[in-house]
Amino acid sequence: MLKEGDKKLLVKLGARLNELRTEKELSLRQLSYISNLDYSTIGKIEKGQVNITFTTLVELAKALEVELVEILNFRID
13 MLKEGDKKLL VKLGARLNEL RTEKELSLRQ LSYISNLDYS TIGKIEKGQV NITFTTLVEL
73 AKALEVELVE ILNFRID
């Protein structure tokens, strides 16, 4: 079970991924195709409902054509 602070981090990470995907004008299905991840999984990630692995994060960075640090560019409270 995730701690409350961990849940908040996942929500922030998901919001950041959504922001980057939206900036690239990609739908969930398009990002799914590019990243080889299921679109429902990406949706859950963007909602902060799943704790993703580092390798999944790297795949999303590649698919979005951004540096990993760009995905992690959010404030930790």
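So in our numbering the end of the sequence shown lands on 89, straight run, no missing numbers. A virtual CB, placed ideally from N, CA and C, is assigned to each residue, including glycine.
With 16 other Cβ atoms within 10 Å as the buried cut-off, status of residue i
| i | result |
| --- | --- |
| Ile88 | exposed |
| Ser47 | buried |
| Arg33 | buried |
| Gly60 | buried |
| Leu22 | buried |
| Leu80 | exposed |
Through-space distance from residue j to residue i, alpha-carbon basis
| i | j | result |
| --- | --- | --- |
| Val78 | Met13 | 31 Å |
| Thr53 | Glu71 | 13 Å |
| Leu38 | Tyr45 | 10 Å |
| Lys19 | Lys36 | 26 Å |
| Ile57 | Ile64 | 7 Å |
| Tyr51 | Glu16 | 26 Å |
| Lys74 | Gly26 | 16 Å |
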